[in-house]
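What follows is a single structure, written as structure tokens, with notes after it.
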Amino acid sequence: MKKKIAIIGMGVSGLALLLALSRLPQTELADMEIICFDDKKYFGRGIPFQKDDRSALINSPIDDISFDYRHMDDFVKWLTENRLDTNHGYVSRSLYGQYMTQRAHDVMDKLPLTPIYQKVDQVIYLPYSHEWQLIVKGQPFPTLFTELHLACGQLPVLDPYKLQGQPNYIDDPYPLNSLKGKFQNLPLGVIAKPTISVIGTGLAAVDVIKWLVQKSSATVVAFSRSNYFPTVRIIDGSPISWRYFTNQHMNDILKQKKPSFDLPHFEELFLAELEALGFSDWDKTQRQFLATGIKGLQLSLDHPAQLYALQQLASRVTDCFTDLWPLMTLADRKAFQKRYGKAIINLRNPMPEESAQILLEAAKAKRLTLAKNIKEIVSLDDSLLLKSDETDDVGVDAIVNATGYHLTDSNLRLASPLLQSLVDKKLCQIDPFGGLSIVPETSQVLSPQYGPLPTLFAHGALINGPIFQNNSTIKIQKMAERALLKPSHR
Numbered sequence: 000m001k002k003k004i005a006i007i008g009m010g011v012s013g014l015a016l017l018l019a020l021s022r023l024p025q026t027e028l029a030d031m032e033i034i035c036f037d038d039k040k041y042f043g044r045g046i047p048f049q050k051d052d053r054s055a056l057i058n059s060p061i062d063d064i065s066f067d068y069r070h071m072d073d074f075v076k077w078l079t080e081n082r083l084d085t086n087h088g089y090v091s092r093s094l095y096g097q098y099m100t101q102r103a104h105d106v107m108d109k110l111p112l113t114p115i116y117q118k119v120d121q122v123i124y125l126p127y128s129h130e131w132q133l134i135v136k137g138q139p140f141p142t143l144f145t146e147l148h149l150a151c152g153q154l155p156v157l158d159p160y161k162l163q164g165q166p167n168y169i170d171d172p173y174p175l176n177s178l179k180g181k182f183q184n185l186p187l188g189v190i191a192k193p194t195i196s197v198i199g200t201g202l203a204a205v206d207v208i209k210w211l212v213q214k215s216s217a218t219v220v221a222f223s224r225s226n227y228f229p230t231v232r233i234i235d236g237s238p239i240s241w242r243y244f245t246n247q248h249m250n251d252i253l254k255q256k257k258p259s260f261d262l263p264h265f266e267e268l269f270l271a272e273l274e275a276l277g278f279s280d281w282d283k284t285q286r287q288f289l290a291t292g293i294k295g296l297q298l299s300l301d302h303p304a305q306l307y308a309l310q311q312l313a314s315r316v317t318d319c320f321t322d323l324w325p326l327m328t329l330a331d332r333k334a335f336q337k338r339y340g341k342a343i344i345n346l347r348n349p350m351p352e353e354s355a356q357i358l359l360e361a362a363k364a365k366r367l368t369l370a371k372n373i374k375e376i377v378s379l380d381d382s383l384l385l386k387s388d389e390t391d392d393v394g395v396d397a398i399v400n401a402t403g404y405h406l407t408d409s410n411l412r413l414a415s416p417l418l419q420s421l422v423d424k425k426l427c428q429i430d431p432f433g434g435l436s437i438v439p440e441t442s443q444v445l446s447p448q449y450g451p452l453p454t455l456f457a458h459g460a461l462i463n464g465p466i467f468q469n470n471s472t473i474k475i476q477k478m479a480e481r482a483l484l485k486p487s488h489r
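Here's what the structure looks like:
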């Protein structure tokens, strides 16, 4: 009997699954039937790489991102074949989406695959057979599936200030080319030079700030809990030979009879690696090379050699944490996040230099400022007030939420009906760090009712919580491959 596989979502993680399946022998593929579900709009490119304003750049250089991590030169080859510029280090996310779509069709042609250009409303689990019934457009889909993969990374926005439904508030800035229309729909009246606040200082906020500076006359007031922007990506640097976060050391940990890893062990490795790279202790390193706001961007540009080393170290930590993070206790993970988390993320997810230059110029022209320690946002008749317990309150005409997307208990009500249904039926549960709880080695979903579900798997942004920083195309590909090609799975 053929194995019937359903994949819900055909963005980055759904395509990573197809890529992994394409590596199987033809004899195995002959015994499979693969059916993929997604909106036609996003099928083969996903939400991050949808058609959008050209200012929305990929945040990795063109030679550091690929549809297939085993062929890291593939994107540059595609650009060359299509007579597109390869001298520019970064391209728009929309252009990368075109490349993804073409490569997606190439892979789909090699697989026993049927595309369904519809959303899945809900799923029904048959516990005795471990099969899955899908509901599409209110009707049962005629196939019972022996394996179900959740690759539906369309997650709800975070709403830390409970502004949903308020006037003069935009809850989701994407796609950026829809922002003009969204602003026109707000009750702003005729304001020649509005003051717009952006909640967030991460990569999504950088996109929004750039758009506002380049496409409007607005003055921008940005803020977040930390007020740290991502660092500026430093491209030039020699490969680093790790002395402590080595493959051998990682293997030694993972091959233990009962693998374990704790915060003191991390700090021992991390601080030793810092010293080997020429840095002193972590506190001094942060004071010298990392800072909040615009100063942090300038430090990146003023100290490229040191930032290159720190960015490479943060990437190495993130790679190792794919396996080490799940071994740590909840208390150790929380302590890590408090002491190291924000810096590691901002080093590991840097912005292109051209984006930094736009922000620096905006700050110089007094079109970009940062508000400090905003504790509350009050909606007035025709404006909003950013209230701080340290500085004067700041009045703004509108607010754009650019805090990003994540699945948590607090915003589950804003998630898709499918995700809400999965949690309500106790087929899935929210991880303490957000996303769905899984068995890290296999990506099998952990159900509060059934335990590990042998035929339900989650991928990509859905597991960005139990899997540390599972938000890069390369890491998502590797995780999908590990889940699908693991001998115990097949």
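In numbering that gives the first Met the number 0, the protein residues as written are 0 to 489. Yeah, the Cβ is synthetic: ideal placement off N, Cα and C, and Gly gets one too.
Reduced DSSP secondary structure (H/G/I, E/B, other) of residue i
i, result
"residue 32", "strand"
"residue 394", "strand"
"residue 220", "strand"
"residue 444", "strand"
"residue 90", "coil"
"residue 340", "helix"
"residue 355", "helix"
"residue 478", "helix"
"residue 301", "helix"
"residue 376", "strand"
"residue 20", "helix"
"residue 387", "strand"
"residue 196", "strand"
"residue 368", "strand"
"residue 248", "helix"
"residue 25", "helix"
"residue 138", "strand"
"residue 168", "strand"
"residue 404", "strand"
Where the beta strand (DSSP E) through residue i begins and ends
i, result
"residue 131", "130–135"
"residue 74", "It is not in any beta strand (DSSP E) - residue 74 instead sits in the alpha helix (DSSP H) that spans 73–80."
"residue 452", "450–457"
"residue 113", "112–115"
"residue 121", "119–125"
"residue 55", "Element bounds for residue 55: n/a, residue is neither H nor E."
"residue 3", "2–7"
Test item: CB-CB of residue i and residue j under 8 Å
i, j, result
"residue 352", "residue 232", "yes"
"residue 249", "residue 58", "no"
"residue 230", "residue 310", "yes"
"residue 347", "residue 314", "yes"
"residue 85", "residue 64", "no"
"residue 140", "residue 130", "no"
"residue 395", "residue 119", "no"
"residue 212", "residue 33", "no"
"residue 312", "residue 272", "yes"
"residue 388", "residue 372", "yes"
"residue 21", "residue 50", "no"
"residue 457", "residue 435", "yes"
"residue 150", "residue 340", "no"
"residue 207", "residue 172", "yes"
"residue 116", "residue 52", "no"
"residue 227", "residue 200", "yes"
Closest residue to residue i among the options (Cα-Cα distance)
i, options, result
"residue 243", "252, 255, 269 and 40", "269"
"residue 25", "100, 110 and 78", "110"
"residue 370", "224, 282 and 125", "224"
"residue 330", "307, 262, 296 and 360", "262"
"residue 441", "325, 95 and 345", "325"
"residue 490", "413, 5 and 303", "Coverage of the chain is limited to positions 0 through 489, which leaves residue 490 absent and any answer about it impossible."
"residue 301", "287, 291 and 312", "287"
"residue 405", "446, 421 and 461", "461"
"residue 162", "278, 384, 466 and 308", "384"
"residue 40", "427, 8, 83 and 341", "8"
"residue 305", "290, 322 and 284", "284"
"residue 342", "472, 209, 295 and 102", "295"
"residue 146", "453, 447, 0 and 474", "453"
"residue 105", "158, 17 and 282", "17"
"residue 196", "335, 168, 479 and 214", "168"
Closer than 7 Å: residue i CB and nearest the ligand ZN heavy atom
i, result
"residue 49", "No copy of the ligand ZN appears in this structure; indeed no ligand is present at all."
Residue range of the alpha helix (DSSP H) that includes residue i
i, result
"residue 275", "262–275"
"residue 416", "416–423"
"residue 255", "Where residue 255 is concerned, there is no enclosing alpha helix (DSSP H), given that its DSSP letter is neither H nor E."
"residue 208", "202–214"
Cβ-Cβ separation, residue j to residue i (assumed contact under 8 Å), whole Å
i, j, result
"residue 496", "residue 401", "Since the displayed the chain opens at 0 and closes at 489, residue 496 lies outside it and no answer follows."
"residue 153", "residue 134", "With 8 Å as the limit, residue 153 and residue 134 do not qualify as a contact, their Cβ atoms being about 17 Å apart."
"residue 222", "residue 198", "7 Å"
"residue 175", "residue 29", "Contact flag wrong, Cβ pair sits at about 44 Å."
"residue 260", "residue 252", "6 Å"
Residue-chain proximity (residue i, chain D), Cβ-Cβ < 8 Å
i, result
"residue 74", "Checking the listed chains, one finds no chain D in this structure; it contains a single protein chain."
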